[in-house]
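Scroll down for the structure; my scribbles are underneath it.
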Amino acid sequence: MKAKDKITIICPIKRFANEWADSIRKQVPEFEVQIYPDDSDRESVEFVMAFDPQPGAFAHFPNLKVVASMGAGVRAILTEPGLPENVTVTKIVQPMHQRDMADFVLALTLSHLRKLPVFFKQQQEKVWKHHSFQRPEETTAGIMGIGAIGRVIGELFVKNGFKVTGWSRTEKKIAGIQTFYGNDQRNEFLSTAQVLVCILPLTDETTGILNKEVFAHLPKGAYLINVARGGHLVEKDLLESLESGQLSGAALDVFSEEPLPAGHPFWAHEKIFITPHNAGNTHPEAAFKKVLQNYYALKNGGEFVDVVDRKRGY
Ligand code: GLV
Numbered sequence: 000m001k002a003k004d005k006i007t008i009i010c011p012i013k014r015f016a017n018e019w020a021d022s023i024r025k026q027v028p029e030f031e032v033q034i035y036p037d038d039s040d041r042e043s044v045e046f047v048m049a050f051d052p053q054p055g056a057f058a059h060f061p062n063l064k065v066v067a068s069m070g071a072g073v074r075a076i077l078t079e080p081g082l083p084e085n086v087t088v089t090k091i092v093q094p095m096h097q098r099d100m101a102d103f104v105l106a107l108t109l110s111h112l113r114k115l116p117v118f119f120k121q122q123q124e125k126v127w128k129h130h131s132f133q134r135p136e137e138t139t140a141g142i143m144g145i146g147a148i149g150r151v152i153g154e155l156f157v158k159n160g161f162k163v164t165g166w167s168r169t170e171k172k173i174a175g176i177q178t179f180y181g182n183d184q185r186n187e188f189l190s191t192a193q194v195l196v197c198i199l200p201l202t203d204e205t206t207g208i209l210n211k212e213v214f215a216h217l218p219k220g221a222y223l224i225n226v227a228r229g230g231h232l233v234e235k236d237l238l239e240s241l242e243s244g245q246l247s248g249a250a251l252d253v254f255s256e257e258p259l260p261a262g263h264p265f266w267a268h269e270k271i272f273i274t275p276h277n278a279g280n281t282h283p284e285a286a287f288k289k290v291l292q293n294y295y296a297l298k299n300g301g302e303f304v305d306v307v308d309r310k311r312g313y
């Protein structure tokens, strides 16, 4: 008898795990879908889906072959010590997710340029006061990490009249975007970025890259948007650069500890806009198709798609 098709989800964020499980059950009702740690028969599991896995979780699955990330970022999966060397890791590469991220970053940027937080505060205080503003045509947005998602962000900014630059580890050529690459060209990239958008993968090289030294190369009063991972940011350097005026403000969607702890100084900082890791959503309805393709590639032999280069880290 053929073994039942089975996917186990490893994700401590209950809302996210349930959303994926419900969607998979709807799309392939014949599959057994379980959520760790309330799962059973772990020897039979070869294919798991994961996001920010619980420490040690992978080690409970002796026959694990594929870990399909439920997100675009995979650092927490790759750095989990229980992940065996020979396991294939895949990630979500999905146009709707990329577009959601781009829309959100554009909204944050326009909100900053048009001073919406200032008007929001004025309304609460019943203040009627005009402010000047900066237009997209007068603004250079620098996309730090001009990969799959960064490119979609950059292209949306170009459509909206911004000057756009991008920086990546390796050379990229994208119409309408001035690109820079490698450490040698990093400071030149930074020197014009009035809005700096971080959408880099988190790797050993990029951990802590949003630091004082990088901020110092930006034009004075630059605005920082981090929609990548909290590990990119050196938090005390951000506070110092806001204090000195080198940065005029920051929008942060990601944090080294999530949820952001109640006593964290970012919550009450008037120059920091906080959102709860909400910039994009990897829509299970749309994203599961390629996950399923990878599931059958494992079962029937075939090529995996959206495979993570485990050495490179993304
Ligand atoms: C979200 O953070 C993702 O990795 O997709």
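Counting from 0, one number per residue, gives the positions in the sequence shown under numbering that gives the first Met the number 0. Yeah, the Cβ is synthetic: ideal placement off N, Cα and C, and Gly gets one too.
query	result
Of all the CB atoms in chain B, is at least one closer than 7 Å to the CB of Gln-53?	Going by chain labels, chain B is absent from the structure shown, which holds only one protein chain.
Leaving out the 5 sequence neighbours to the left and right, which residues in its chain are closer than 7 Å to Lys-128 when beta-carbon positions are compared?	Gln-121
Taking 6 Å as the cut-off, is the C-beta of Gly-149 nearer than that to any heavy atom in the ligand GLV?	no
Report the CB separation of Leu-209 from Val-233 in whole angstroms; it is logged as a contact under 8 Å.	6 Å
Out of Val-194, Ser-243, Pro-218 and Phe-265, state which residue places its alpha-carbon closest to the alpha-carbon of Gly-229.	Phe-265
Under three-state DSSP, which class holds Thr-206?	coil
Following a CB-centred definition, is Thr-281 positioned closer than 6 Å to any heavy atom of the ligand GLV?	yes
Just to confirm, is the Cβ distance from Leu-105 to Ala-250 under 7 Å?	no
Should Glu-18 go down as buried or exposed, given a rule of 16 or more other Cβ atoms within 10 Å for buried?	buried
Would the C-beta of Lys-158 count as close to the ligand COA, meaning under 6 Å from any of its heavy atoms?	Because the ligand COA does not appear in the structure shown, any question about it cannot be addressed here, the ligands present being the ligand GLV.
Please state whether DSSP places Trp-266 in a helix, a strand or coil.	coil
Pull up the CB-CB distance for Gly-279 and Asp-21, whole angstroms please, since I reckon it's below 8 Å.	In fact, because the Cβ distance is near 19 Å, the residues do not count as touching under 8 Å.
Return the CA-CA distance between Ala-58 and Leu-82, expressed in angstroms with no decimal places.	7 Å
Sorted by chain position, which residues of the same chain lie with C-beta nearer than 8 Å to Arg-14's C-beta, five sequence neighbours on each side aside?	none
To the nearest angstrom, how far is the alpha carbon of Glu-242 from that of Ala-174?	37 Å
Evaluate contact between the region 302–312 and the region 285–294, counting only Cβ atoms and requiring at least three cross-stretch pairs below 8 Å.	yes
Look at Met-69 and Met-95 and say whether their C-beta atoms are less than 7 Å apart.	no
Enumerate, from N- to C-terminal direction, the unbroken alpha helix (DSSP H) stretches of 4 or more residues contained entirely within the region 13–45.	13–26
To the nearest angstrom, how far is it from the Cα of Val-253 to the Cα of Lys-1?	43 Å
Do Ser-247 and His-216 have their C-beta atoms closer together than 7 Å?	no
So Ile-324 and Pro-52 are in contact, right, with Cβ under 8 Å, and what is the actual spacing, rounded?	In the structure displayed, the chain extends from 0 to 313; residue 324 sits before or after that span and is not available.
Less than 6 Å between the CB of Ala-286 and some heavy atom of the ligand GLV, yes or no?	no
Are the Cβ atoms of Gly-144 and Leu-195 separated by less than 7 Å?	no
Let me know the secondary structure DSSP gives Ser-68 once reduced to three states.	strand
Measuring straight from C-alpha to C-alpha, what distance separates Val-65 and Phe-46?	5 Å
Any heavy atom of the ligand GLV within a distance shorter than 6 Å of the CB on Gly-229?	no
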